[in-house]
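Peer 1: In order, the protein sequences belong to chains U and W. Going by our numbering, the first residue of the first sequence is number 27, and it counts up by one from there. Going by our numbering, the first residue of the second sequence is number 7, and it counts up by one from there. The C-beta atom is built at its ideal place from N, Cα and C for all residues, glycine as well. I'd like to ask you about the structure that follows.
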Amino acid sequence: MDIEVLKEWPTKWLRRAHVGKAALWGILAALGLAALYPVFFLISGSFMGKDELGEYLGAVISGSHGYAHFPLLPAYPTLRHYVEVFLDSPGFFVMFWNSVKITFGVLAGQLMVGTMAAWGFAKHEFPWKKGFFLLYLILMLLPFQVLMLSNYLVLDKLSLTDNLWGIILPGIFSTFPVFIMYRFFRELPDSLLESARLDGAREWQLFFYIGLPIGSSGVIAAMVLGFLEYWSLIEQPLTFLKERRLFPLSIFLPDITSVSQSGMAFAASAITFVPALLVFLGGQDYLEQGIMAGAVKE
Amino acid sequence: MDRKKIIGIFGGFLAVMLMFTMLSRAVTGASLARVETVRAKTGAIEHKVTGSGKVEAGKEFAVYTENGQRVKEISVQEGQYVAEGELLFTVDMGELEEQILAIQQEMEKSKLQSQDAQSAKSVEERNRAVAKNRAAQDYSQAVDNGNSDVAKAKAAWDEAERNLQELLQHKPDATGDNGSPDAGGGLSDWEAKKGQLEQAAAEAKAAYEAALSSRVDNIRAAARALEDASMRPASDSTSKQNEITRQQQELSLRKLQALKEAGGKVLAPAKGVITKIAITTGEFTTDGTAMLLADASKGNRLVASVDKANEEYVSKGSQVSITAFGSKEPITKYTVASVAENKEDKELLDIVVELPEGVLEAGVRAEVEVVQKSGNFSSVIPLQALHEEQNGYYVFVMQEEQGVLGKELTARRLDVRVQDKNNMYAALEDGALTGEQDIISSSSRPIDDGSRVRVKEQ
Numbered sequence: 027m028d029i030e031v032l033k034e035w036p037t038k039w040l041r042r043a044h045v046g047k048a049a050l051w052g053i054l055a056a057l058g059l060a061a062l063y064p065v066f067f068l069i070s071g072s073f074m075g076k077d078e079l080g081e082y083l084g085a086v087i088s089g090s091h092g093y094a095h096f097p098l099l100p101a102y103p104t105l106r107h108y109v110e111v112f113l114d115s116p117g118f119f120v121m122f123w124n125s126v127k128i129t130f131g132v133l134a135g136q137l138m139v140g141t142m143a144a145w146g147f148a149k150h151e152f153p154w155k156k157g158f159f160l161l162y163l164i165l166m167l168l169p170f171q172v173l174m175l176s177n178y179l180v181l182d183k184l185s186l187t188d189n190l191w192g193i194i195l196p197g198i199f200s201t202f203p204v205f206i207m208y209r210f211f212r213e214l215p216d217s218l219l220e221s222a223r224l225d226g227a228r229e230w231q232l233f234f235y236i237g238l239p240i241g242s243s244g245v246i247a248a249m250v251l252g253f254l255e256y257w258s259l260i261e262q263p264l265t266f267l268k269e270r271r272l273f274p275l276s277i278f279l280p281d282i283t284s285v286s287q288s289g290m291a292f293a294a295s296a297i298t299f300v301p302a303l304l305v306f307l308g309g310q311d312y313l314e315q316g317i318m319a320g321a322v323k324e
Numbered sequence: 007m008d009r010k011k012i013i014g015i016f017g018g019f020l021a022v023m024l025m026f027t028m029l030s031r032a033v034t035g036a037s038l039a040r041v042e043t044v045r046a047k048t049g050a051i052e053h054k055v056t057g058s059g060k061v062e063a064g065k066e067f068a069v070y071t072e073n074g075q076r077v078k079e080i081s082v083q084e085g086q087y088v089a090e091g092e093l094l095f096t097v098d099m100g101e102l103e104e105q106i107l108a109i110q111q112e113m114e115k116s117k118l119q120s121q122d123a124q125s126a127k128s129v130e131e132r133n134r135a136v137a138k139n140r141a142a143q144d145y146s147q148a149v150d151n152g153n154s155d156v157a158k159a160k161a162a163w164d165e166a167e168r169n170l171q172e173l174l175q176h177k178p179d180a181t182g183d184n185g186s187p188d189a190g191g192g193l194s195d196w197e198a199k200k201g202q203l204e205q206a207a208a209e210a211k212a213a214y215e216a217a218l219s220s221r222v223d224n225i226r227a228a229a230r231a232l233e234d235a236s237m238r239p240a241s242d243s244t245s246k247q248n249e250i251t252r253q254q255q256e257l258s259l260r261k262l263q264a265l266k267e268a269g270g271k272v273l274a275p276a277k278g279v280i281t282k283i284a285i286t287t288g289e290f291t292t293d294g295t296a297m298l299l300a301d302a303s304k305g306n307r308l309v310a311s312v313d314k315a316n317e318e319y320v321s322k323g324s325q326v327s328i329t330a331f332g333s334k335e336p337i338t339k340y341t342v343a344s345v346a347e348n349k350e351d352k353e354l355l356d357i358v359v360e361l362p363e364g365v366l367e368a369g370v371r372a373e374v375e376v377v378q379k380s381g382n383f384s385s386v387i388p389l390q391a392l393h394e395e396q397n398g399y400y401v402f403v404m405q406e407e408q409g410v411l412g413k414e415l416t417a418r419r420l421d422v423r424v425q426d427k428n429n430m431y432a433a434l435e436d437g438a439l440t441g442e443q444d445i446i447s448s449s450s451r452p453i454d455d456g457s458r459v460r461v462k463e464q
């Protein structure tokens, strides 16, 4: 009996470990699905007909009784809402290009200004450097709402409200990418720069030929993070823009409280989702590095 | 995934989005309502009222003849102009002569009847005179008889009274003063005599009273008989009536004889246009008018019917333009003389225009047009820009609005009040529209408040 018991022990342990792992997987899968559910919801909703959407969402949108429920797949898939967005909504494209302008404007500006600022903080010594950097950190940490009013007053003074530059310029000079890139440039050994200087390299040559190539992953990480941030910008446009023709896609709000518009809202959201997905796929590695860089304190 | 590939896909995505940007603009542009716009102007609203009618004679006179004549021949037609004395129609002479004879016989009969009545009347009058005389005699007789009867009765009564008084004075002494042995016997005789005399006096008095009353009765009866006899007989107008009938017959006879003398021909009493012929060849004439003639020496009048809905735009004195049927030149210098409801159709109004002699002949059909111009309105728009619904009127104004696509042209509904309108223009109440607003007058598809629109290219 004892022997048999001893023989069974390892298998029991193994089996238990196996079961535990499966359970863990199950829980994680369930959580993952829960997290992904809105995405499925979005994609399948964009292919559903109006009647179907009305049936599923009626409880939430049009005030009929019961709870909203949502199946994974549409019963009668249709491309109607995509056609509607692509062909019948010139407004959607206006906002799409507004988003493109804001995002790429900000990123291009950051590429020019932010990289240099980060390089300066990382590789140059100047009076009050620590103080300035602290100021940068504080600005980075302040939520938008805190500075909303003062931002507005400044923009108003500069006549930049109701103007895409009112969104782009503050974005260009935002401190977060500087902070990210700063960490990458810091990792560059000073000795390398010293030797380059000894070889007669000018300061701008150091930046363009040594700093940027070596710190490129940091720059790209900052750009990817920036893209995701500015592509889904909501507060700034809502606060600083009044004219609908300037609205970016992130506040393209077809009246989703009515069943007739919800399908179009789903389709528009799905299309909006595409660039963000592509950027994410392309910059996945850098994204991780960038987030890590932001997390590691000096 | 390969980064270059992803960048490629991203680029492709942007290209696709660019393409659809164009495409969606094209599609939306093509599906927008294309509109034409107008602006409110100042101006007046003209109300044009048209109708048609016929020229009628300003003064008409009737031609008629004796009732019951057979029409032998009609020599004119409606609308024909006739001079004074021109033959209008002829009646049958045989029929006419028969009628004359019949009337003459009738008159003879009446005359005989009248004579009979006269003689009967004189006999009756004589009888009445005799009866009256007799009654008068009876009356005086009754008065005389009564008086003598009363006188006799009075005399008899007086006699009886005297006898009684006499007896009362010679009453015998009841105490026996004279000592006669039969004194007691004399008193009782006296008493008995006195009773007889008293009775006789009473009877005579009664006879007298009876005579009095009888006299009254007899005289009354005789007076009544006299009264009856002298009563006037009931009035009798037979002779007068006969006289009147005779006069009428004489009149008819004279007319018929005049017609006969004219050879049965009826002539136009004055120059004019025949407007109506009410007789038919071969039929008998009636009491009514045989023919109507428009007096050519007076002007005519045009009576035209217009829709009663236009009542407020047509009034006495309104300038009227007349176009005679078949003519192109309108006559414009006359005005409406009167406006009245059409007697046959309550939905119509009759307007009358007096025309002087020689303008249009009676019987001509003509179109009339009355134009009434309102005062000046500050915003007048074409009628097609005005929309109507149950609660009132509205227009669509094109506005530039800021939308997602920038400046967009949007149709905005504006409720307005209409002051006046005709079939082309409407005048709106002041203040609703300014002269700078573009009012949508036509649209390639139905539009609503807030619809985006495009201006139609000219």
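#1: Apart from the five residues on each side of it in sequence, which residues of its chain come closer than 7 Å, Cβ to Cβ, to W/G185?
#2: Mapping the DSSP letters down to three states, classify W/G185 as helix, strand or coil.
#3: Determine the extent of the beta strand (DSSP E) in which W/Q325 is found, giving its start and end residues.
#4: Could you list which residues in chain U have their beta carbon closer than 7 Å to that of W/F26, in chain order?
#5: If we ignore side chains and look at the alpha-carbon of each, how far apart do U/L54 and U/P97 end up?
#6: If you follow the alpha helix (DSSP H) that U/P203 is in, where does it begin and where does it stop?
#7: Using DSSP with H/G/I as helix, E/B as strand and the rest coil, what is W/K158?
#8: Do you know how far the Cα of W/E204 is from the Cα of W/W196?
#9: Please report the distance separating the alpha-carbon of W/L102 from that of W/T251.
#10: In chain order, what residues of the same chain have a beta carbon less than 8 Å from the beta carbon of W/N382, not counting five sequence neighbours either side?
#11: Give the interface partners of U/F122 over in chain W, defined as CB-CB distance under 8 Å, in chain order.
#12: Okay, do the stretch 125-142 of chain W and the stretch 162-176 of chain W touch, 3+ Cβ pairs below 8 Å being the bar?
#13: Identify the contact partners of W/I387 in chain U, using a Cβ-Cβ distance below 8 Å as the criterion.
#14: Count the other CB atoms, across all protein chains shown, that sit within 10 Å of the CB of U/S115; report buried if there are 16 or more and exposed otherwise.
#15: Report the CB separation of W/V370 from W/V359 in whole angstroms; it is logged as a contact under 8 Å.
#16: Beta-carbon within less than 6 Å of W/A21's beta-carbon, same chain only, minus the 5 sequence neighbours each way: which residues are those?
#17: For chain W, find out if any of its Cβ atoms is closer than 7 Å to the Cβ of U/E151; answer yes or no.
#18: When you compare the CB of W/R9 with every CB in chain U, is at least one pair closer than 7 Å?
#19: Determine the extent of the beta strand (DSSP E) in which W/Q425 is found, giving its start and end residues.
#20: What three-state label does DSSP hand U/V245 in the structure shown?
#21: Consider the Cβ of U/R270: report whether some Cβ of chain W lies at a distance smaller than 7 Å.
#22: Spell out whether any CB of chain W is found under 7 Å from the CB atom of U/L307.
#23: Return yes when the Cβ of W/K282 is within less than 7 Å of the Cβ of W/L257, no when it is not.
#24: Taking the alpha helix (DSSP H) that W/S344 falls in, what are its first and last residues?
#25: For chain U, is any of its Cβ atoms less than 7 Å away from the one on W/I504?
#26: Report yes if the C-beta distance between W/K138 and W/S245 is below 7 Å; otherwise report no.
#27: Pairs of beta-carbons, one from the stretch 373-390 of chain W and one from the stretch 50-60 of chain W, closer than 8 Å: are there three or more?
#28: Note down the Cα distance separating W/G332 from W/G59, rounded to an integer number of angstroms.
#29: Which residues in the same chain as W/Q405 place their Cβ atom closer than 6 Å to its Cβ, once the five residues preceding and following it in sequence are excluded?
#30: Going by the beta-carbon positions, is the gap between W/L411 and U/V120 smaller than 7 Å?
#31: Which residue spans inside the stretch 141-190 of chain U form an unbroken alpha helix (DSSP H) run of at least 4?
#32: Within a Cβ cutoff of 6 Å, which residues of the same chain sit near W/A433, ignoring the five residues on either side of it in sequence?
#33: Using a Cβ-Cβ distance cut-off of 7 Å, determine whether W/G456 contacts chain U.
#34: Just to confirm my understanding: we take U/G131, look at its own chain, exclude 5 residues before and 5 after, and list those with CB closer than 6 Å. What are they?
#35: Could you check the C-alpha separation between W/F95 and W/N348 for me, to the nearest Å?
#36: Quick check on U/K323: buried or exposed, where buried means 16 or more other Cβ atoms within 10 Å of its Cβ?
Peer 2: Taking the definition as stated:
#1: Its pLDDT being 47, under 50, W/G185 is placed unreliably in this model, and the coordinates cannot settle the point.
#2: At W/G185 the pLDDT is 47, less than 50, meaning the model places this residue with poor confidence and gives no usable figure here.
#3: 325-330 is the extent of the beta strand (DSSP E) around W/Q325.
#4: The contacting residues are F112, F119.
#5: Cα to Cα, the separation comes out at about 21 Å.
#6: 202-212 is the span of the alpha helix (DSSP H), which, as asked, contains U/P203.
#7: Three-state DSSP puts W/K158 in a helix.
#8: Taking the straight line joining both Cα atoms gives about 12 Å.
#9: Annotation: W/L102 to W/T251 spans about 20 Å, alpha carbon to alpha carbon.
#10: If you ignore the 5 residues before and after W/N382, its C-beta comes within less than 8 Å of the C-beta of T48, G49, A50, all in its own chain and listed in chain order.
#11: Residues of chain W passing the Cβ test: M23, T27.
#12: With the rule of 3 Cβ pairs closer than 8 Å, the stretch 125-142 of chain W does not count as touching the stretch 162-176 of chain W.
#13: For W/I387, none of the residues of chain U pass the 8 Å Cβ criterion, the least Cβ distance being about 31 Å.
#14: Buried, because 16 or more other Cβ atoms sit within 10 Å of the Cβ of U/S115.
#15: About 12 Å; that fails the 8 Å criterion.
#16: Excluding sequence positions up to five before and after W/A21, its CB lies less than 6 Å from no other CB in the same chain.
#17: Not one chain W Cβ lies under 7 Å of U/E151.
#18: Yes - at least one Cβ of chain U is within 7 Å of the one on W/R9.
#19: For W/Q425, the enclosing beta strand (DSSP E) stretches over residues 424-427.
#20: Helix.
#21: Chain W places a beta carbon closer than 7 Å to that of U/R270, counting this residue as a contact.
#22: Taking Cβ atoms only, chain W reaches closer than 7 Å to U/L307, which makes this a yes.
#23: It is not a contact, given that the beta carbons lie outside the stated cut-off.
#24: Per DSSP, W/S344 belongs to no alpha helix (DSSP H); it is in the beta strand (DSSP E), 337-347.
#25: Only positions 7 to 464 of chain W appear in the structure, and residue 504 of chain W is not among them; the question remains open.
#26: It is not a contact, given that the beta carbons lie outside the stated cut-off.
#27: With the cut-off at 8 Å, the stretch 373-390 of chain W and the stretch 50-60 of chain W touch.
#28: In a straight line, the C-alpha of W/G332 is about 14 Å away from that of W/G59.
#29: Closer than 6 Å at Cβ, skipping near neighbours: T416, R418.
#30: Taking 7 Å as the Cβ cut-off, W/L411 and U/V120 qualify as a contacting pair.
#31: Taking only runs of at least 4 residues, the alpha helix (DSSP H) segments lying wholly in the stretch 141-190 of chain U are 141-149, 155-167, 170-183.
#32: Within the same chain, Cβ atoms closer than 6 Å to the Cβ of W/A433 are found at I51, F383, V386, Q425, D426, the five residues on either side in sequence being excluded.
#33: W/G456 does not count as touching chain U.
#34: Within the same chain, U/G131 has close Cβ partners I194.
#35: Their Cα atoms are separated by approximately 34 Å.
#36: Its pLDDT being 47, under 50, U/K323 is placed unreliably by the model, and the measurement read from it follows with that caveat. Counting Cβ neighbours within 10 Å, U/K323 comes out exposed, since fewer than 16 surround it.
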